[in-house]
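Here the sequence shown is numbered in the working numbering, starting from 313 and rising by one per residue. Ideal Cβ placement from N, Cα and C applies to all residues, glycine included. What follows is a single structure, written as structure tokens, with notes after it.
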Amino acid sequence: MDINTEHIDDLNAIIRMKITEEDYKEKVAEVLADYRKKAKFDGFRPGKAPLGLVKKVYGRAVIVDQVNNLLSENLTKHLTDNNIRVLGEPLPAEDSPSIDWDTQNEFDFAFSIGIAPEFELKLTKRDKVVWYNIDIDDSLINDQVENYTKRFGGFQATEVAEAEDMVKGDLVELNEDGTTKEEGVVAVDALVSINTLPDESIKNIFIGAKTGDVKVLDMETTFPNEADRASLLKLTKEDLADLGKQFSYTISEVSSFAPVEINQELFDMAFGEDEVKSEEEFRSKIKEELQSQLDRESYYKFHLDARDKLVQKTNLQLPDEFLKRWMLTTSKDEKLTVESLEEEYPRFSEDLKWQLIKDLISKEQEFKAFEDEIKAEAIQSARAQFQQYGIPNAPEEQLIRFSESILTNEDEQRRLIERILEDKVISFVKEAVKLDDKKISLDEFKELFK
313 MDINTEHIDD LNAIIRMKIT EEDYKEKVAE VLADYRKKAK FDGFRPGKAP
363 LGLVKKVYGR AVIVDQVNNL LSENLTKHLT DNNIRVLGEP LPAEDSPSID
413 WDTQNEFDFA FSIGIAPEFE LKLTKRDKVV WYNIDIDDSL INDQVENYTK
463 RFGGFQATEV AEAEDMVKGD LVELNEDGTT KEEGVVAVDA LVSINTLPDE
513 SIKNIFIGAK TGDVKVLDME TTFPNEADRA SLLKLTKEDL ADLGKQFSYT
563 ISEVSSFAPV EINQELFDMA FGEDEVKSEE EFRSKIKEEL QSQLDRESYY
613 KFHLDARDKL VQKTNLQLPD EFLKRWMLTT SKDEKLTVES LEEEYPRFSE
663 DLKWQLIKDL ISKEQEFKAF EDEIKAEAIQ SARAQFQQYG IPNAPEEQLI
713 RFSESILTNE DEQRRLIERI LEDKVISFVK EAVKLDDKKI SLDEFKELFK
């Protein structure tokens, strides 16, 4: 077997490989002998068919398999032995020789490869990246106090419905003349949130309503979304086709949302029993919470800015044409075209450059993701998911159980490891460069992302 690399430039090369019959004939003979033991042919007992017959039936397919195995193994070994770091995967070269498997015994292959650029990265305090210190003023704390009072608030009975209120009642299907339809649909205790109705004219039907009031509704106009209408009537969407449009709605209850009072009960619900014992401590705890949240936002912005800084500083060149060809060849997205690729490629290119920079820093600093770090990251991921579902203080045992289920998924575990390593890279960059501290309001900070 003969294999060599022809460098086109620093970023592109062609690997040529020649496989002769001597390279594969021994393995082919071994496989065919095994086939002979197992294959069944009419007129022959198992294992007694002539080897020539076995070779005639299976020989060419076995040769194809063995040549492809040699190709894969030796291509990988050649790249490893010669320390060639490829981007993407090798692709058949445009000048690849054609192959006739039925007549050839020797095979020539050619593969195009894109090579990762060689580069150095030296960070010093002359490299500046802005760190945004977001100011926590009283208005932010007041807003968060209000959020807590609403989070633990609830609906309470009231007499007259207003725009933000909810009504409950019975929906009854009517005939066209307004009489109750015999054996028509009845939905008991149907809840209607007034502020979710489609327009002011419909909302006004309910605003000012009291317990005992009866409203006649055009269901398609009042609830134009089929899924909402079906849910309200406790039917499937398919059942809606047979319904009349008019329904009576007899209001049995009007309720208004009321936030909870700022007292010990709220403190306990928000932060645990007796963790906070006064409104002053409550506001202080909220400030700590806000500081933690905004520090994460500042870190995220630093992450983005540091990434841009390092990508610009290294000014990496990539084998762009090869990578575009590789993306078109290997993508499972049927909508990917040459035209759409031109739009997507700049983002892909920037991501790839950042990945190369991260890999270099991780290698030079010998960063690793240790088992305890992976477990801690899994718990944090579990906590974030519980918070998304409105459970801010999930029990530790529940978080641990959920995190263990996360770690059974290899893809999730790989993502956690990547996140840990990226955090270590960003923390390293944060220490290596000069932080240009800038105090900023939350509104100004949000504007940076527009």
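query	result
Is the distance from the Cβ of L387 to the Cβ of P409 below 8 Å?	no
Given N487, which residues of its chain have a CB within under 6 Å of its CB, disregarding the five upstream and five downstream residues?	K493
Return the residue from the list G466, P404, K613, L391 that minimises the CA-CA distance to E759.	K613
Taking F423 as part of the beta strand (DSSP E), name the residues at either end of that continuous run.	419-427
Return the Cβ separation of E471 and V566 in integer angstroms, given the expectation that the two are a contact with Cβ distance under 8 Å.	7 Å
Does DSSP classify K680 as helix, strand or coil?	coil
Would you list the residues sitting across from K330 in a DSSP beta bridge?	D314, D420
Whole-angstrom Cβ separation of I686 and I729, contact assumed at under 8 Å?	6 Å
Is the Cβ of Q667 closer than 8 Å to any Cβ of chain D?	Of the chains in the structure shown, none is chain D; there is only one protein chain.
Report the rounded CA-to-CA distance for E689 versus Q710, giving the unit in angstroms.	15 Å
Given a cut-off of 8 Å on the beta-carbon distance, is the pair V479 and V498 in contact?	no
Near P571, which residues of its chain fall below 6 Å by C-beta distance, leaving aside the five closest residues on each side in sequence?	T461, K462, G465
Sort A361, Y370, G400, M329 by Cα distance to L323 and report the nearest one.	G400
Just verifying my parser: in three-state terms, what is the DSSP assignment at N386?	helix
By the three-class DSSP mapping on this structure, what secondary structure does L648 have?	coil
What whole-angstrom Cβ distance do S543 and G481 have, given they're in contact under 8 Å?	Not quite, the Cβ-Cβ distance comes to about 16 Å (not below 8 Å), so this is no contact.
Could you tell me whether the stretch 326-345 touches the stretch 414-428, where touching means 3 or more Cβ pairs closer than 8 Å?	yes
Which residue from N705, P631, V623 puts its Cα closest to that of K434?	V623
Figure out for me which residue from V741, E756, Y347 has the closest Cα to the Cα of T436.	V741
Out of curiosity, what's the CA-to-CA distance linking E592 and K736?	37 Å
Once you ignore the five residues that flank V588 on each side, which residues in its own chain have a CB closer than 7 Å to its CB?	F579, F594, K597
Secondary structure at G584, three-state DSSP: helix, strand or coil?	coil
Are G426 and F583 closer than 8 Å when you measure CB to CB?	no
On the criterion of 16 or more Cβ atoms from any shown chain inside 10 Å, does I258 qualify as buried, or is it exposed?	For residue 258 there is no data in the structure shown, the boundaries of the chain being 313 and 762.
Measure how close the beta-carbons of S560 and V484 come, nearest whole angstrom, since I'm counting them as under 8 Å.	5 Å
So what does DSSP say about P658, is it helix, strand or coil?	helix
Here's a check: name, in chain order, each residue in its chain whose Cβ is nearer than 8 Å to the Cβ of V398, leaving out the five neighbours to either side.	L391, I425, G426, I427, A428
Which runs of the alpha helix (DSSP H) at least 4 residues long sit entirely within the stretch 547-606? Give them in chain order.	576-583
Residues in the same chain with beta-carbon distance under 7 Å from D525, minus the five sequence neighbours each way, listed in chain order, please.	I563
Using a Cβ-Cβ cutoff of less than 8 Å, which residues in the same chain neighbour N445 once the five nearest sequence positions on both sides are dropped?	S610, D749, K750, K751, I752
Going by DSSP, which residues form a beta bridge with L529?	F559
In terms of alpha-carbon separation, which member of D335, A341, R438, Y370 lies closest to K352?	Y370
Would you call the stretch 439-457 and the stretch 545-556 touching, i.e. three or more CB-CB distances under 8 Å?	no
What does the Cβ neighbour count give for V745, buried or exposed, with the cut at 16 atoms within 10 Å?	buried
Quick check on the DSSP output: what are the complete alpha helix (DSSP H) runs of length 4 or more inside the stretch 317-373, in order along the chain?	333-350
CA-CA distance, I514 and T534?	6 Å
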